[in-house]
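**Q** This is the structure, below, for whatever I ask next.
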Amino acid sequence: MRVLITGITGFAGSHLADLCLTKKEVDLYGIIRWRSRTENIEHIWDKLKLLECDLRDASSIRDVIEEVKPDYIFHLAAQSFVPTSWKAPTESLTTNIIGQLNVFEAARKIGLACKIQIACSSEEYGMVNPDELPIKETNPLRPLSPYAVSKVGQDMLGYQYFMSYGMEIVRTRGFNHTGPRRGSVFVCSDFAKQIVDIEQGSKPPVISVGNLEAKRDFTDVRDIVKGYWLSLEKGRPGAVYNICSGKAHSIREILDILIELSGVEVEIKSDPARMRPSDVPILEGDNSAFMKDTGWKPEISLKDTLKDLLEFWRECPDRFYA
Ligand code: GDD
């Protein structure tokens with residue numbers, strides 16, 4: 119079976135690649151942009167085939183899909199950092215929505231019979247009322263950032279292409295995920311890296327933070343990618359699924375766990391530059407539909423994930439991950 123991952127050099131993409139390579143029947147393909155950073159997949163370099171492609175160029179992805187003729191496509195490539203979407207909204211909307219449109223159009227025009235998973239996001243729910251928790255897939259979408267709007271666009275396109283053309287598309291609304299290789303701009307990785315820099319004496323014992331009151335539902339990336347696989351193996355085409363742990367933690371709790379795991383003495387300093395024009399107050403998901411249809415369940419505890427994240431930064435403190 120041929121599997122194509124867009125975003126294979128990224129955080130979730132590289133973990134999904136690791137998972138695919140444990141399956142004997144899989145020939146793995148990924149797309150890569152000119153000058154993409156490749157640290158995340160260097161350990162599996164010889165086990166997959168990379169094709170140069172830019173998703174914003176329709177002819178580029180069409181050539182790739184024509185050549186690979188994948189049975190499964192995991193579409194993970196995106197501009198994935200919420201704050202960047204305020205600074206570069208056009209780029210975020212174009213990469214995420216038009217990039218995905220180009221994948222769909224390529225598969226449709228070639229007449230390829232394949233299953234496509236699209237990485238949608240809990241950010242789509244945005245402003246959630248207290249009486250709507252835990253969030254079900256049927257909750258209204260009230261996006262609070264250009265990034266979230268781009269994910270609503272991807273999600274709706276997935277629905278529309280399923281309804282209009284019967285394409286076997288499964289939409290996964292991934293809640294927050296973290297673990298080794300997480301980009302250093304995302305909250306758990308940012309704090310873990312600051313703590314490791316303090317441990318190693320390369321930074322004064324002060325941790326800069328943004329909004330610690332927000333609450334997020336974190337899952338280990340290695341559990342999330344198992345969910346992505348199951349979404350195509352067992353999920354219903356046309357369906358939309360939350361993938362999450364079902365339990366939210368405040369960002370302050372995450373910081374406290376990391377500090378406790380390390381044992382460092384630190385001062386916590388609020389940094390206004392880390393505040394967002396609007397921040398989603400709470401995302402806590404209901405994962406029952408996904409568990410029922412696919413048998414998925416999260417297995418790695420938050421504490422173990424954060425331990426592994428600290429260890430990751432201790433092993434490669436100079437590695438840059440955007
Ligand atoms: N990045 C960051 N840095 N976030 C901080 C900080 C900080 O110093 N301090 C507090 N936060 C808060 C943010 O305001 C937000 O409420 C929360 O921590 C999580 O921020 P991120 O880790 O940047 O993730 P996100 O929730 O905005 O988005 C992530 O999860 C989505 C799924 O819900 C990304 O992975 C998205 O791509 C994904 O769709």
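Residues in the sequence shown are numbered from 119 upward in steps of one, following my numbering.
Beta carbons are placed, not taken as given, at the ideal position from N, Cα and C, and that holds for glycine.
Treat the numbers as computed from the prediction; the structure is a model and nothing was measured.
Do glycine 244 and alanine 224 come within 8 Å of each other at the CB atom, strictly closer than that value?
**A** Result no, Cβ atoms of alanine 224 and glycine 244 do not sit closer than 8 Å.
**Q** The alpha helix (DSSP H) with phenylalanine 192 in it runs from where to where?
**A** Element bounds for phenylalanine 192: not the alpha helix (DSSP H) but the beta strand (DSSP E), 190-193.
**Q** Spell out a yes or no on whether the region 313-320 and the region 235-251 are touching, meaning 3 or more CB-CB pairs, one atom from each, closer than 8 Å.
**A** Judged by Cβ distances under 8 Å, the region 313-320 makes no contact with the region 235-251, as fewer than three pairs qualify.
**Q** Using the DSSP secondary-structure output, state which residues sit across from glutamine 235 in a beta bridge.
**A** BP columns for glutamine 235 point to Phe192, Val288.
**Q** Taking buried to mean at least 16 other C-beta atoms within 10 Å of its own C-beta, is threonine 156 buried or exposed?
**A** Exposed, because fewer than 16 other Cβ atoms sit within 10 Å of the Cβ of threonine 156.
**Q** Tell me the residue span of the alpha helix (DSSP H) that contains serine 268.
**A** Looking at the DSSP string, the run of the alpha helix (DSSP H) that includes serine 268 is 264-283.
**Q** Got a sec: does ligand 1 put a non-hydrogen atom nearer than 7 Å to the Cβ of alanine 447?
**A** Here the chain comprises residues numbered 119 to 440, so residue 447 is not present and cannot be evaluated.
**Q** Got a sec? Which residues, its chain only, sit under 7 Å from isoleucine 183 by beta carbon, not counting five neighbours each side?
**A** Excluding residues within five positions, the ones whose Cβ falls inside 7 Å are Ala224, Ala225, Ile228, Leu230.
**Q** Could you give the first and the last residue of the continuous beta strand (DSSP E) run that contains aspartate 145?
**A** 145-150 is the extent of the beta strand (DSSP E) around aspartate 145.
**Q** Buried or exposed for proline 188, going by 16 or more other Cβ atoms inside 10 Å?
**A** It is buried - the Cβ of proline 188 has at least 16 other Cβ atoms within 10 Å.
**Q** Any idea if methionine 285 is buried or exposed, counting beta-carbon neighbours within 10 angstroms, 16 or more meaning buried?
**A** Buried is the call here.
**Q** Under 8 Å: do the region 294-308 and the region 274-284 share three or more Cβ pairs, one atom per stretch?
**A** Taking 8 Å as the limit for Cβ pairs, the verdict is that the region 274-284 does not touch the region 294-308.
**Q** Using only the heavy atoms of ligand 1, determine whether one of them is closer than 7 Å to the beta carbon of phenylalanine 408.
**A** Outside the cutoff, so no.
**Q** Do you know how far the Cα of lysine 333 is from the Cα of glutamate 417?
**A** Rounded to whole angstroms, glutamate 417 to lysine 333 spans 21 Å at the Cα level.
**Q** State yes or no: is the C-beta of serine 336 nearer than 7 Å to some heavy atom of ligand 1?
**A** Just to set this straight, residue 336 is phenylalanine in the shown sequence, not serine. For ligand 1, not one heavy atom lies less than 7 Å from the Cβ of phenylalanine 336.
**Q** Is the Cβ-Cβ distance between arginine 291 and tyrosine 346 less than 8 Å?
**A** No, Cβ-Cβ distance for arginine 291 and tyrosine 346 is not below 8 Å.
**Q** Quick check on tryptophan 152: buried or exposed, where buried means 16 or more other Cβ atoms within 10 Å of its Cβ?
**A** Looking at its Cβ environment, which holds fewer than 16 other Cβ atoms inside 10 Å, tryptophan 152 is exposed.
**Q** Considering only heavy atoms of ligand 1, does any lie closer than 7 Å to the CB of valine 327?
**A** Checking every heavy atom of ligand 1 against the Cβ of valine 327, one is found closer than 7 Å.
**Q** With DSSP as the reference, label aspartate 389 as helix, strand or coil.
**A** Note: aspartate 389 maps to coil in three-state DSSP.
**Q** Can you have a look at aspartate 335 and say buried or exposed, based on whether 16 or more other CB atoms are within 10 angstroms of its CB?
**A** Aspartate 335 comes out buried.
**Q** Under three-state DSSP, which class holds leucine 251?
**A** Three-state DSSP puts leucine 251 in coil, outside helix and strand.
**Q** Tell me the rounded alpha-carbon separation between aspartate 164 and proline 323.
**A** For aspartate 164 and proline 323, the distance between alpha carbons rounds to 41 Å.
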